[in-house]
Amino acid sequence: EVSKSLYFNYGAKVPSKYLRSDDLVHEYYIICWSASYLHDDKVWKGCVTPNEAKGWTDKSILKPIRDLMASADIIAGHNIDAFDIKKLNTRFMKNGLDPVIGKKTYDTLKIARSKLALESNKLDEILKWYGLRPKDDISNADWLEIVTKPTKAVLKKVMDYNVNDVEGGKAVLRRFIPISGKLPYYGALTGKQIEGLTA
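In this note's numbering, the protein residues as written are 3 to 201.
Okay, structure coming up:
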């Protein structure tokens, strides 16, 4: 999960398409992350402390998720190409870590857009469409609290929200396999490795 960035501005109206870059007070940081292998129930996760949130720093939680991404054959997620990987790589580089590049990705948002004609391609709506547990409720007030007066309670709420996102994303990914045009193991394993798993 990514925090809001903090800008100064002369009221709510923005004259141009973008806020002025020299009005930036704090750029976003990674609040928390979670990850899980598709065929494994274990969830890895990390979250900043209230003091780290107050300092707009995510350095202490980045190396584990960077190492997980680097070790994976394929990285999957909903809108992962346009959002998650770019945001994470930006923060990796900001904190002196190498970016994770050149990985195969499996973006369920792209699958939904290209293979289905759903009323909405949002993860929450896809989960509801399948009759699965929807995303946890979280409000704009929670995201604002993160950048104004972060507490253990609101950080835990965002961490729980993030873990539920991962579980929901895995559930959607499993259901998208038949329409994805990919093999059950996405080409990440050799024939002999697949035989060993299915024997």
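Glycine included, C-beta positions come from ideal geometry on N, C-alpha and C.
N-terminal and C-terminal residue of the alpha helix (DSSP H) that residue i is part of
i           : result
residue 107 : Looking at the DSSP string, residue 107 is not in any alpha helix (DSSP H); the run it does join, the beta strand (DSSP E), is 106–109.
residue 158 : 154–182
Residue interval of the beta strand (DSSP E) (run including residue i)
i          : result
residue 37 : 34–37
Short CB-CB distance (under 7 angstroms) between residue i and chain D
i          : result
residue 45 : Note that chain D does not occur in the displayed structure, where there is just one protein chain.
Residues near residue i by beta carbon distance below 6 angstroms, same chain, minus five either side
i           : result
residue 201 : Summary for residue 201: the model assigns pLDDT 39, below 50, so the residue's position carries little reliability; its value from the coordinates is reported in the next sentence. No residues qualify anywhere along the chain.
residue 115 : 123
residue 146 : none
residue 161 : 34, 49
residue 117 : 181
residue 83  : 107, 109
Cutoff 7 angstroms; reference residue i; Cβ partners in own chain excluding five residues on either side
i           : result
residue 154 : 52
residue 101 : 91, 94, 95
residue 27  : 8, 9, 10
residue 134 : 170, 173
residue 65  : 99
residue 86  : 79
Beta-bridge partners of residue i, as assigned by DSSP
i         : result
residue 4 : 32
Same chain, Cβ closer than 8 angstroms to residue i, neighbours up to 5 away in sequence not counted
i          : result
residue 42 : none
residue 46 : 36, 37, 38, 66, 67, 70
Three-state class that DSSP yields for residue i in the structure shown
i           : result
residue 148 : helix
key: Minimum length 3: unbroken beta strand (DSSP E) runs contained in the segment 84–138   = 106–109
request  = Mind listing, in chain order, the continuous beta strand (DSSP E) runs of no fewer than 3 residues lying wholly within the segment 7–87?
outcome  = 26–28, 34–37, 46–49, 76–79
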